[in-house]
Amino acid sequence: MQSSRCWWRWTIWRWTVLEHILTRRWTVLGQLCCGLFEWLQHSKALVDDLEFSLREQRLCPGWKKQQPWTPVD
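Written out as structure tokens, the structure is:
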């Protein structure tokens, strides 16, 4: 009986430690994924701004001399 009780305690303790490690690891992994997602969103915004700027320059090659919203013929 005594060894059976110890075995159950050991199993419960082992699962608790394993759960703690996995939870902590998943939390860190989740934070990394969220950080990566935010970085990708920020990068997409930068790429969109760059694309808009390039499109604007193509429409307005003399944009430094004129207003950017006035197309050059």
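Numbering (mature numbering (1 follows the signal peptide of the UniProt record, and there is no 0)), first residue to last: -30 to -1, 1 to 43. Quick reminder that beta carbons are idealized off the backbone N, C-alpha and C, glycines included. Only a predicted model underlies this, so the values are computations on that prediction, with no experimental measurement involved.
Rounded separation between Val(-14) and Ser23 - CA only: Against the sequence shown, residue -14 aligns to sequence position 17. Against the sequence shown, residue 23 aligns to sequence position 53. The straight-line gap from Cα to Cα measures roughly 54 Å.
Could you compute how far the alpha carbon of Ala15 sits from the alpha carbon of Ile(-19)? In the sequence shown, the residue the question calls residue 15 occupies position 45. In the sequence shown, the residue the question calls residue -19 occupies position 12. Those two C-alpha atoms are separated by around 49 Å.
Pull up the distance between the alpha-carbon of Arg(-22) and that of Glu(-12), whole angstroms please. The residue you call residue -22 lines up with position 9 of the sequence shown. The residue you call residue -12 lines up with position 19 of the sequence shown. Taking the straight line from one Cα to the other gives about 15 Å.
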